[in-house]
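Student: Have a look at the structure that comes next, please.
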Amino acid sequence: MAEGDEPLAVEAPDLEDDSYVLKITDPFVEMHTGPHAGYPIFYVAERGEEIRVLSRKTSWFKIETSKGKIGWVNREQLRNTLLPSGETFTLVERGEDDFSRRKWVAGVTGGELESSPVLTLFAGYAFTENLAVELSFGQSVGSDSSSRFYKGNLLMQPFPDFTYSPYMTLGIGRVEVETNSRLIADNSDTNTFAQVGFGIQRYISRSFLFRIEVNEYVVFSTNSTGNDNEVLDEWKLGFAVFY
Amino acid sequence: MGSFVLSSELAAQSEEDESSNLIEPQIERVDFDEAMIDANDFEIAIYAGALAVENFDTNPVYGFRIGYHVSEDFFVQGSYGTSKVGETSYETLSGGASLLSNDERDLEYYLISLGFNLFPGEVFLTDSTTFNSVLYVSGGLGSTDFAGDDRYTIALALGYRTLFTDSFSVDIEMRDLIFDVDIFGDDETTNNLELTIGLNLFF
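In the order they appear, the protein sequences are chains G and Y. Counting along the first sequence from 1, when you hit position 163 you're at 162 in numbering that gives the first Met the number 0, and nothing is skipped either side. Counting along the second sequence from 1, when you hit position 81 you're at 80 in numbering that gives the first Met the number 0, and nothing is skipped either side.
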């Protein structure tokens, strides 16, 4: 920086065009033609070059150098080699802190409900670290019948700081069971159920978590002979994105 | 390193401008928050093509999918597609016998898939026009509603994506939808091949 009367303050993030100006302080950064390690390196930006960060895709940042080269740099290199002119630089990433502060979560699980495959989509909101509410929609397709269910449940997580954090769920919902039309012509039956479950979830990386869960459902069904409650067991595992 | 740059600049500036008082160092910690950078991790796509349903002819299929790119290698996708199957050879030849009602010929599926970007590459259109591309594979689970029943479905796909810009790509995908059909009595596993072209927006 030869221009002595340039303001000393960091070149502030230029938010108007959604980009940051940074300066390379390590010997070099490698610029790839695309956001994947498999794309070739076509340019090596050297120490002292200024770059603008244009956009991001997964862990790759699209940058433009002061010489007009545009390419992709991995997060690792950006973290280790870049500083805005003379100032302390921290790359704020999503991570475990965000995990414990998460508010919204959405994901998918797969498993077995009474030995039939089951897929579930769910979304939840955390009121505190320990208490969340979740809504889910699932479908189980067996050889003789298929069922769709809608469920709302509370999720209690007593030890949010554990790496493998256990949780309990309590929920209610509606289930629609449709018997295979080859057995009985269009027989569908809708019932209310209650559910209790236990699971373990773990932060994986960035904005992802993994969970494994077992559930027990009590379906309040009635038939011609009176009450005929059914107990169903389920296991499933899945992952979710959190915000 | 950072402090060295700072101090030399301080010295340079005070020499040039001696009338000014001590410079107040405006040292602020600058967080480069990647959440402020425009990201293209999500995708939404519409696609159309042909679906060959075993015994039931090849017919147009339409659908959409929503995806999220977890890393440079992995992505997750949810997709929904719909088609209407034709007649079996038996139905055509018998000249009237119908195995399925009109409603039962509607086919709908949804799938949740995990994909892997296998071979990143480039498409050289002219000597100065190059687009990034990627050959990907994916496997998914879901359900197909066909012939009046939901059928547990496994899907395997191979796709080729050409990225015309960072936020737009065209995907050509070949997918096998594997599910059991019991229309002819016993359960038989069918492989139903789908060839589609999709328009993807990344955001």
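Note that beta-carbon positions come from the ideal geometry of N, C-alpha and C, so glycine has one too. Only a predicted model underlies this, so the values are computations on that prediction, with no experimental measurement involved.
1) Is the closest heavy atom of the ligand NAP to the C-beta of S180 (chain G) under 7 Å?
2) Distance, Cα to Cα, N214 (chain G) vs E175 (chain G)?
3) Just verifying my parser: in three-state terms, what is the DSSP assignment at L77 (chain G)?
4) Does DSSP classify L92 (chain Y) as helix, strand or coil?
5) Is any beta-carbon of chain Y found at less than 8 Å from that of L231 (chain G)?
6) Which residue wins for smallest C-alpha separation from I111 (chain Y), given the options G:V107, G:E111, G:S114?
7) For the region 129–150 of chain Y, which residues have a CB atom closer than 7 Å to at least one CB atom of chain G, in sequence order?
8) On the DSSP bridge list, what partners appear for Y38 (chain G)?
9) In angstroms with no decimal places, state the Cα-to-Cα distance between L99 (chain Y) and K83 (chain Y).
10) Check whether chain Y comes within 8 Å of N186 (chain G), counting only Cβ atoms and requiring the distance to be less than that.
11) So for D170 (chain Y), helix, strand or coil by DSSP?
12) Pull up the DSSP beta-bridge partners for R104 (chain Y), would you.
13) Contact check, Y67 (chain Y) vs D40 (chain Y) under 8 Å by CB: the rounded distance?
14) Does any residue of chain G have a CB that is nearer than 8 Å to the CB of N116 (chain Y)?
15) Taking the beta carbon of P116 (chain G) as the centre, do at least 16 other beta carbons fall within 10 Å, making it buried, or is it exposed?
16) Quick one: which chain G residues come within Cβ less than 9 Å of S203 (chain Y)?
17) Just by C-beta distance, which residues in the region 78–104 of chain Y are closer than 7 Å to chain G?
18) Leaving out the 5 sequence neighbours to the left and right, which residues in its chain are closer than 6 Å to K150 (chain G) when beta-carbon positions are compared?
19) Tell me whether T195 (chain Y) sits in a helix, a strand or coil according to DSSP, three-state version.
20) Let me make sure I understand the geometry here. Which of Y:T195, Y:A154, Y:I182 has the alpha-carbon closest to that of F55 (chain Y)?
21) Provide the residue span of the beta strand (DSSP E) that contains M35 (chain Y), from first to last.
Tutor: If we stick to the structure as given:
1) The model depicted lacks the ligand NAP and carries no ligand whatsoever.
2) In this structure, the CA atom of N214 (chain G) is about 18 Å from the CA atom of E175 (chain G).
3) The three-state secondary structure of L77 (chain G), taken from DSSP, is helix.
4) In the structure shown, the three-state DSSP call for L92 (chain Y) is helix.
5) Not flagged as an interface residue toward chain Y: L231 (chain G), since no C-beta distance is shorter than 8 Å.
6) For the set G:V107, G:E111, G:S114, the Cα lying nearest the Cα of I111 (chain Y) is the one of G:V107.
7) Under the 7 Å Cβ criterion, the region 129–150 of chain Y contributes N131, L140, G141, S142, G147, D148, D149, R150.
8) Beta-bridge pairing links Y38 (chain G) to no other residue.
9) The alpha-carbon atoms of L99 (chain Y) and K83 (chain Y) are separated by roughly 12 Å.
10) Output row for N186 (chain G): interface = no.
11) In the three-state scheme derived from DSSP, where H, G and I count as helix and E and B as strand, D170 (chain Y) is classed as strand.
12) DSSP, once it has assigned bridges, lists no residue as partnering R104 (chain Y).
13) Their Cβ separation, rounded to whole angstroms, is 6 Å, which keeps Y67 (chain Y) and D40 (chain Y) in contact under 8 Å.
14) Look at N116 (chain Y): its C-beta is under 8 Å from a C-beta on chain G.
15) Buried, since its Cβ has 16 or more Cβ neighbours within 10 Å.
16) Outside the modelled stretch of chain Y, which goes from 0 to 202, sits residue 203 (chain Y), for which no answer is possible.
17) Cβ contacts with chain G: none found.
18) Beyond the five residues adjoining it in sequence on each side, K150 (chain G) comes within less than 6 Å, by CB distance, of S135, G170, G172 in the same chain, given in chain order.
19) Strand, per DSSP.
20) Relative to the Cα of F55 (chain Y), the nearest Cα in the group Y:T195, Y:A154, Y:I182 belongs to Y:I182.
21) That residue, M35 (chain Y), is in no beta strand (DSSP E); it is neither H nor E in DSSP.
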